[in-house]
Amino acid sequence: MTTTEAVKPPIDKKALLAKYIQERDKRLRTDGNEQYLEVKGRLAHYLDDPYTPLVEREPKTDHVTFAFVGGGFAGLVTGARLVEAGVTDVRIIEKGGDFGGTWYWNRYPGAQCDTASMIYMPLLEETGHMPTEKYAHAPEILAQCQRIGTQYGLYDNALFHTEVKDLSWDEANSRWVISTNRGDRFTASFIGLGTGPLHVPKLPGIPGIESFKGHSFHTSRWDYGYTGGDPKGALMEKLADKRVAIIGTGATSVQAVPHLARACKALYVVQRTPSSVDVRANAPIDPDWFAEIATPGWQQRWLENFTANQAGGNAEVDLVQDGWTDLSRRIRAKISQLPREDMTPQKMLAAYEDSDFEKMEEIRARVDAIVENDEAAQKLKAWYRQLCKRPCFHDAYLQAFNTPGAHLVDTDGKGVERITEKGFVVGGVEYEVDCIIYASGFEVGTEYKRRAGFELTGRDGLTLSEAWAEGMRSKHGIHVHGFPNAFFVQPTQGANLISNVPHNLTEAGRTIAVTIKHALDVGARQVEVTPEAQAAWVELLLNAPGRMIGAPDCTPGYYNNEGQDPGPAARLNVGYPAGATAYFKYLDGWRNSGQFEGLAFR
Ligand code: NDP
Numbered sequence: 005m006t007t008t009e010a011v012k013p014p015i016d017k018k019a020l021l022a023k024y025i026q027e028r029d030k031r032l033r034t035d036g037n038e039q040y041l042e043v044k045g046r047l048a049h050y051l052d053d054p055y056t057p058l059v060e061r062e063p064k065t066d067h068v069t070f071a072f073v074g075g076g077f078a079g080l081v082t083g084a085r086l087v088e089a090g091v092t093d094v095r096i097i098e099k100g101g102d103f104g105g106t107w108y109w110n111r112y113p114g115a116q117c118d119t120a121s122m123i124y125m126p127l128l129e130e131t132g133h134m135p136t137e138k139y140a141h142a143p144e145i146l147a148q149c150q151r152i153g154t155q156y157g158l159y160d161n162a163l164f165h166t167e168v169k170d171l172s173w174d175e176a177n178s179r180w181v182i183s184t185n186r187g188d189r190f191t192a193s194f195i196g197l198g199t200g201p202l203h204v205p206k207l208p209g210i211p212g213i214e215s216f217k218g219h220s221f222h223t224s225r226w227d228y229g230y231t232g233g234d235p236k237g238a239l240m241e242k243l244a245d246k247r248v249a250i251i252g253t254g255a256t257s258v259q260a261v262p263h264l265a266r267a268c269k270a271l272y273v274v275q276r277t278p279s280s281v282d283v284r285a286n287a288p289i290d291p292d293w294f295a296e297i298a299t300p301g302w303q304q305r306w307l308e309n310f311t312a313n314q315a316g317g318n319a320e321v322d323l324v325q326d327g328w329t330d331l332s333r334r335i336r337a338k339i340s341q342l343p344r345e346d347m348t349p350q351k352m353l354a355a356y357e358d359s360d361f362e363k364m365e366e367i368r369a370r371v372d373a374i375v376e377n378d379e380a381a382q383k384l385k386a387w388y389r390q391l392c393k394r395p396c397f398h399d400a401y402l403q404a405f406n407t408p409g410a411h412l413v414d415t416d417g418k419g420v421e422r423i424t425e426k427g428f429v430v431g432g433v434e435y436e437v438d439c440i441i442y443a444s445g446f447e448v449g450t451e452y453k454r455r456a457g458f459e460l461t462g463r464d465g466l467t468l469s470e471a472w473a474e475g476m477r478s479k480h481g482i483h484v485h486g487f488p489n490a491f492f493v494q495p496t497q498g499a500n501l502i503s504n505v506p507h508n509l510t511e512a513g514r515t516i517a518v519t520i521k522h523a524l525d526v527g528a529r530q531v532e533v534t535p536e537a538q539a540a541w542v543e544l545l546l547n548a549p550g551r552m553i554g555a556p557d558c559t560p561g562y563y564n565n566e567g568q569d570p571g572p573a574a575r576l577n578v579g580y581p582a583g584a585t586a587y588f589k590y591l592d593g594w595r596n597s598g599q600f601e602g603l604a605f606r
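Take the sequence shown: its letter number 149 is residue 153 in this note's numbering, and every next letter is one higher.
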């Protein structure tokens with residue numbers, strides 16, 4: 005410590021924990037996920053696609069080797085790997101008007117990735133694209149999706165603005181029958197599912213929500229026709245004479261608010277729970293530096309390095325250096341300071357807690373340092389552990405509250421009381437606005453069928469809802485017994501690396517391509533995980549320590565099932581016990597051995 009550094013008073017942990025519990029208790033409610041409205045019926049217009057007009061086409065009745073549900077990262081990386089393996093007959097079915105998934109829908113101003121572009125954006129090396137910024141903005145990520153689609157010929161056979169309505173296994177012909185909302189009924193030898201965890205917008209169940217006479221939309225369907233501006237961040241000039249409310253202060257709102265504050269006559273940021281907002285420190289990527297580091301295999305090296313730093317590995321260097329690796333580094337540093345005899349699980353957990361308390365104190369101090377209005381500053385402070393909610397990083401969000409015309413409307417954990425014809429009510433006060441923007445997030449924790457929009461019916465009429473009635477059961481999070489030739493592309497029961505989901509997806513995509521290639525090479529019509537192999541994998545997972553995030557004592561949110569007991573099935577929402585680095589190494593060995601242990605090819 006230098007002599008100029010002030011000595012920080014010790015943290016009163018007991019008082020802090022009491023404050024955390026007090027703030028959580030304000031927000032606990034008995035209706036959990038039921039508090040949100042399913043967007044359908046008279047609310048269905050909130051789902052309309054504002055970006056791409058619908059194109060009429062003839063229904064498909066043909067056969068393809070591989071069909072994939074979802075045109076986001078999961079479908080693109082799996083499709084690309086299949087094409088590389090020689091399976092070019094790939095059809096991606098996507099409800100949006102183009103590839104991109106999350107990045108197709110989320111075009112709100114300021115949208116950007118939170119994990120460094122170098123590891124977040126898939127197939128950078130294959131496509132030869134250098135990200136322009138450490139944290140790329142949404143248009144660049146969408147363009148990368150389109151680039152992958154073009155380079156691998158995935159557009160040729162894709163069906164956009166198409167929603168799968170049913171997927172049924174045809175045992176006699178060893179193929180899947182796919183029906184859609186566009187009248188298609190075609191077949192596929194193999195299918196992949198990558199519908200993503202956060203794609204069905206939800207609305208808060210605020211009384212009167214249908215009565216508002218002004219304009220309103222969800223952040224994932226941004227109406228630039230109304231606001232002006234564009235996804236690249238041009239000023240939303242049409243808001244200059246508008247009073248706008250944005251409801252919600254999660255990761256989406258944190259990115260959009262600075263742009264709204266700059267544009268609106270009056271902006272009301274309606275808060276139920278503050279986000280923790282740490283430093284972003286975005287910067288352009290220097291092409292000279294990139295040319296130096298982008299030697300063959302660079303992206304895989306970066307992916308592995310990030311995962312090693314973030315999820316239990318032992319990397320000597322930190323190539324990525326972002327908020328996630330910083331978080332892990334701090335925890336490791338704290339634990340490594342323990343004397344050898346104190347390396348017990350309890351003391352290690354206590355050291356982890358200490359590092360979290362310190363970090364959150366820093367984040368709260370940052371609010372005081374930036375926000376000029378003291379009352380707003382106090383209300384913008386997050387009183388929970390950093391991983392209770394999605395950590396946010398931004399260098400203009402807190403500053404936005406210093407803009408004239410930008411108002412924080414804090415609801416003291418209770419949410420908006422009512423929506424009226426003219427605006428919204430908080431604390432008995434009606435705020436009249438021209439526009440309400442819902443930054444209220446996406447469905448999580450509702451059943452798979454509701455979120456996917458279809459049922460999967462496997463062998464002997466077994467549905468996925470039945471197979472997973474008591475929780476997800478799979479091998480590697482990819483194969484499910486009873487559902488031959490079907491492959492799931494998602495993190496759970498695999499690496500479960502939440503900090504960089506694309507790494508999970510690229511590894512799954514690679515594995516699926518190798519597996520399908522093998523099935524085709526040996527002339528197998530069916531590939532399926534055996535019940536024994538699936539049971540053994542689930543047994544192995546049950547030894548995992550459980551998710552570090554989303555503990556029940558956290559403030560409610562989608563990380564912890566809105567504070568409700570998620571039931572025993574949630575025990576299965578875990579990853580490989582030895583961690584993400586070990587899992588990726590294991591999976592690499594598994595697919596390259598050529599044995600495909602646990603799968604039956606017939
Ligand atoms: P969230 O679910 O995180 O946030 C929804 C917000 O709406 C919360 O602040 C919530 O409050 C608030 N809310 C809900 N009901 C009410 C109500 N009745 N009255 C007032 N406020 C209400 O959604 P987001 O779209 O922000 O983010 C979803 C996820 O998408 C993120 O967690 C992240 O995983 C991902 N994302 C990633 C980004 C990136 O990587 N760059 C950027 C944006 C999103 P409360 O907290 O009290 O529930």
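Glycine is no exception: its CB is placed at the ideal position from the N, C-alpha and C atoms.
- Within the stretch 127 to 201, the runs of beta strand (DSSP E) at least 3 residues long that lie entirely inside it are, in chain order, 168 to 174, 179 to 184, 189 to 197.
- Remark: the C-beta of ASP118 is in contact range of the ligand NDP, defined as less than 6 angstroms to any heavy atom.
- Taking every protein chain shown into account, the CB of GLY252 has 16 or more other CB atoms within 10 angstroms, so this residue is buried.
- Our two residues, GLU474 and GLU601, have alpha carbons roughly 25 angstroms apart in a direct line.
- For the pair ALA312 and THR585, the CB atoms are nearer than the 7 angstroms cut-off.
- As for any beta strand (DSSP E) of minimum length 3 sitting wholly inside the stretch 41 to 77, the runs are 67 to 73, ordered along the chain.
- Pairing LEU412 with ALA380 gives a Cβ-Cβ distance under 7 angstroms.
- Partner residues in the beta bridge of SER220, as assigned by DSSP, are ILE440.
- Spanning the alpha carbons of ASN577 and GLN497 requires a straight line of approximately 7 angstroms.
- Between the alpha carbons of LYS236 and THR223 lies a distance of about 15 angstroms.
- In its chain, beyond the 5 residues on either side, VAL533 have a beta carbon closer than 6 angstroms to the beta carbon of HIS483.
- Of the candidates GLU60, LEU524, ASP399, LEU524 places its Cα closest to the Cα of SER178.
- Per the DSSP secondary-structure output, ILE96 pairs in a beta bridge with PHE72.
- Between ILE374 and SER359, the C-beta gap is not smaller than 7 angstroms, which leaves the two residues out of contact.
- Here the alpha carbon of GLN26 sits roughly 11 angstroms from the alpha carbon of ASP557.
- Around the CB of ILE123, 16 or more other CB atoms lie within 10 Å, so the residue is classed as buried.
- HIS480 carries a coil assignment under DSSP once its states are collapsed to helix, strand and coil.
- The beta carbons of MET125 and PRO135 sit closer together than 7 angstroms.
- The closest heavy atom of the ligand NDP lies less than 6 angstroms from the beta carbon of THR253.
- Residue environment for VAL59: exposed (fewer than 16 other C-beta atoms within 10 angstroms of its C-beta).
- A distance criterion of 6 angstroms places the beta-carbon of ILE210 in contact range of the ligand NDP, judged by its closest non-hydrogen atom.
- The shortest C-alpha to C-alpha distance from GLN382 to any of GLU421, GLU296, SER280, ILE440 is the one to SER280.
- DSSP assignment within the stretch 507 to 567 yields the following whole beta strand (DSSP E) runs of 3 residues or more, N-terminal first: 531 to 533.
- Proximity of the stretch 295 to 306 to the stretch 563 to 572 falls short of the contact definition, fewer than three beta-carbon pairs being nearer than 8 angstroms.
- Between the ligand NDP and LEU202, a heavy atom-to-CB distance of less than 6 angstroms is present.
- According to the DSSP assignment, PRO262 belongs to the alpha helix (DSSP H) that extends over 255 to 267.
- About 42 angstroms separates the CB atoms of ALA443 and SER193; that is not less than 8 angstroms, and the two are not in contact.
- Here LEU146 is buried, its C-beta having at least 16 other C-beta atoms within 10 Å.
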